[in-house]
Structure formats: structure tokens, C-alpha cells
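K.L.:
Take a look at the following structure, please.
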Amino acid sequence: MNGQSANEKDAAFWLAWSHILESRQLKKLFDHFANGEEAWQAPEHELQNLGFQAETLQNISAKRRQLDPERVLEKVLKADIQTVCLGDPNYPARLAQIYDAPVVLFYRGRLPVNEEILIAIVGTRMASRYGQTAAVTFTRELAQGGLGIVSGLARGIDALAHETTLEVGGRTIGVLGNGLLNSDIYPREYVKLAQKIIERGGCIMAEYPPGIGPERHHFPERNRIIAGLTVGTLVIEAPETSGALITAKLALEYNREVMAVPGNIFEKNSMGTNDLIKLGARMVTSAADIKEALQLQNIMETKIERRPEVSKDEAVILNILSKNPIHIDMVYKNAGLNSSTVGGILTLLELKGAVKDVGGKYYIRLIEL
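The opening position of the sequence shown corresponds to residue 1 in UniProt numbering, with each subsequent residue numbered one higher.
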């Protein structure tokens, strides 16, 4: 029978179980027992009948003697980490629909509300300038249109999706493959980004208890949460071996929309996305395509931002830049201004939200002229 986790006491037992079992094993218990306490008190032979092997049963027996569920919960709350269990009314409804939904979610920040429309934006960690530009462009328009942006707080496309959403005042959710203590967060350089996501009204979440570091098998497991939370997954750029393709595959399994940005047929970084399109993913080249795919034409209204006031020299720089990345040396050459002046102008334009440095001293223009 389906488990229930409607109160804190029950949640404490499921939290304790999350320190013992992997996600699939935990889901097996949740589906069989009425609540976490019943599962915790279950005799070994009943667990054996559920298919648990001898080694796992020994581990369960030892950990049940060591762990006090109430203290486990206290420790988590003391770390300023919140929890929500499958079956709780606050558990994200869309995620609860998938067959392998995590029994326990740990989170910091504000959980998404059920009427919130979320889209996953994912891609390679080794993004090209084309991929970086596409990530910024799509994320900016979708976040300004009111969609929540979900990604994996990884290097490359994921980080760009989170950062761009924050830059335009949108809400973003980072799903991690490790615990949520600052010391758990991986990559380490994104501790500040995670904190900024929380402070700006978003959240970071994971199914792993505090103190659990990143393991290779955690990331495919993490990807199912990204796919399950969202109405669709947009793959910006991905080689054939990219983990982003796992997210896309899972989204298809969950009957969610899968979209991909086409890329150069000669570039390895685009082979995965181009293959997705050949296999039936929707090819998208603009935010309008995504609105159509997700049937959001009457819901998503992109905010029209007033064009910032710019000086004569700033206008010169803006006219040189475009949606395609241009190196700062080319800006110097075409602007007829000295390097320090150009550098200062680009900084001011970034602060105005008119341009973006996409890495390697390459810039793109974010506004229409």
C-alpha cells in the first residue's frame, strides 16, 4: 500500500531511512508500508520478502540500532535544511507523478508551488561560444516570460542558465547530486551561486542527506528530478556522451516535452543535440518555438524591457556587437576608441543588462537596437 508522510514524526523515519538506502530501495519501502515508522519497525524477514539481499539486511539492522530518527531530523533542521516527503501536500506535484520520484527531498530556499511552470535548461559542461550564446538567449527570454528555470548547478550550460535567470530577476532551481551543506556543494566554486539562488527566491534541492558528497552514480539520479520537476527539457548543446541526454531520455519516459537547439553538423559538441532532433525531439531556434511546444502562448508573456539610456560611445559599441560572440579586440578595432575606454563602456553596458561577457573576452548584445 502507498506510504503516507503527512506529519513530522513520519518524515523523521523516512529521513533516517534515507541515510541507509539508495533511492530505488527507499521507494520500494514507501510503496509497501503504510508509513515510515511501520517500515522502521518491520522485521527482517518482511524486508527480505521485498527482495533485499543479505548484505543490505545486515546494513539495515546495524543502522536501525545506531540511528534515532528524531535526532536525524533535528540535525537536518539545525543545518538550515528543510525536508519534504512524497505524499506531503507541499511535495512538488509534477515530480510526484513520476514512477521513481524520490521519497525524501532536502531543500534550501523556497520550494516551487504547484501552479508554477518550470522548464529544464541543460547541456554540456564544455560549452562552445555558440552554446553559451544560445544558453543566455533562451534563458533570458524564458525567465523574463515568467518561467522558472531548473538546471543542475554544473559547469557550462547549467551555470549559465542559473546565472542568466538571476540577472533578469527570474526564479531558478538547482538540483544537486550531493548534500546541501556548503561543504557538500560541487563544484566548489558554485557555493556562492547556490547562496545567491536561495537569496533571490529560488532553491537548491537534492535527495541526498547533508554530508553526502558527489558520487558518479548520483548525477544520473539527479537528472530524473530535473526532468520530473519540469514541463519540458531544453537541451542547448551536448556531445553524444553528455549527461544532458540522460535528462532528455528521462523527460521522454515521463511524457514531458523534449526540445533541442540545432548545432553545427561538424562539431562534436552538437552531435548529441542533432541526434535528439533526428530521434524526434522538437527543434527550437527561438523562445517562440518553446511557447508553441509547451502551449504557453496565452500564458507566457515576455516582459518588454525599456531600452536603457545609452551614451553616444555606448551606442557605438552596441552597434558593433550582435547575438554572435565578438572578441574584445574586434570591438577595439571597429570602435575607434582606446582599450581602457572600451573596457569601461562594456562594464557599464553589462550593468545595464545590455551586453554579456560569455567568456574568453567574447561579448554578445542582449538588447534589440
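Where is the CB? At the ideal position from N, CA and C, for every residue including glycine.
1) Buried or exposed: residue 371, going by 16 or more other Cβ atoms within 10 Å of its Cβ?
2) Hey, quick one: how far does the beta strand (DSSP E) through Gly126 stretch, first residue to last?
3) Is the CB-CB distance between Val235 and Gly131 below 8 Å?
4) Three or more C-beta pairs under 8 Å: does that hold for the stretch 309 to 325 against the stretch 270 to 280?
5) Asn35 by DSSP, collapsed to three states: which one?
6) With a threshold of 16 other CB atoms inside 10 Å of the CB of Ala312, please say whether the residue is buried or exposed.
7) Can the beta-carbon of Phe106 be found less than 8 Å from the beta-carbon of Pro209?
8) How should Ser151 be labelled, buried or exposed, when 16 other C-beta atoms within 10 angstroms of its C-beta is the threshold for buried?
9) Just the C-alpha distance for Leu181 and Gly228, rounded to the nearest angstrom, thanks.
10) Could you tell me the alpha carbon to alpha carbon distance between Ile304 and Gly145, rounded to whole angstroms?
11) Got a sec? Which residues, its chain only, sit under 7 Å from Ala248 by beta carbon, not counting five neighbours each side?
12) What distance in whole Å lies between the Cβ atoms of Lys356 and Ile328, which are believed to be in contact at a cut-off of 8 Å?
13) Smallest Cα separation from Ile191: which of Val113, Arg108, Thr139, Leu252?
14) Please classify residue 379: does DSSP put it in a helix, a strand, or coil?
15) Mind listing, in chain order, the continuous alpha helix (DSSP H) runs of no fewer than 4 residues lying wholly within the stretch 94 to 124?
16) Check Val310 in the structure and name its three-state DSSP category.
17) Would you mind giving the Cβ-Cβ distance between Glu309 and Ile345, rounded to the nearest angstrom? I have them listed as a contact below 8 Å.
18) To the nearest angstrom, how far is it from the Cα of Arg155 to the Cα of Gln41?
19) Report the rounded CA-to-CA distance for Arg200 versus Thr165, giving the unit in angstroms.
20) Three or more C-beta pairs under 8 Å: does that hold for the stretch 98 to 105 against the stretch 131 to 140?
21) Considering only their Cβ atoms, is the gap separating Gly169 from Ala206 smaller than 8 Å?
P.N.:
On the basis of the supplied data:
1) Outside the displayed range of the chain (1 to 369) lies residue 371, so it cannot be described from this structure.
2) Per the sequence shown, residue 126 should be read as Met rather than Gly. Unbroken run through Met126: none, as it is neither H nor E.
3) no
4) no
5) strand
6) Residue identity check: residue 312 is Lys in the sequence provided, not Ala. Result: exposed.
7) yes
8) buried
9) 23 Å
10) Because the pLDDT of Ile304 is 42, which lies under 50, any placement of that residue in the model is unreliable, and the number read from its coordinates should be weighed accordingly. Straight-line Cα distance between these residues: approximately 9 Å.
11) Thr233, Val235, Val258, Leu276, Ala281
12) Contact doesn't hold; Cβ gap of about 13 Å is too wide.
13) According to the sequence as given, residue 191 is Val; it is not Ile. Ranking Val113, Arg108, Thr139, Leu252 by Cα distance to Val191 puts Arg108 first.
14) Given a span of 1 to 369 for the chain in the structure shown, any question on residue 379 remains unanswerable.
15) Listed in chain order, there is nothing to give.
16) coil
17) With 8 Å as the limit, Glu309 and Ile345 do not qualify as a contact, their Cβ atoms being about 14 Å apart.
18) Each residue's alpha carbon lies about 43 Å from the other.
19) 10 Å
20) no
21) no
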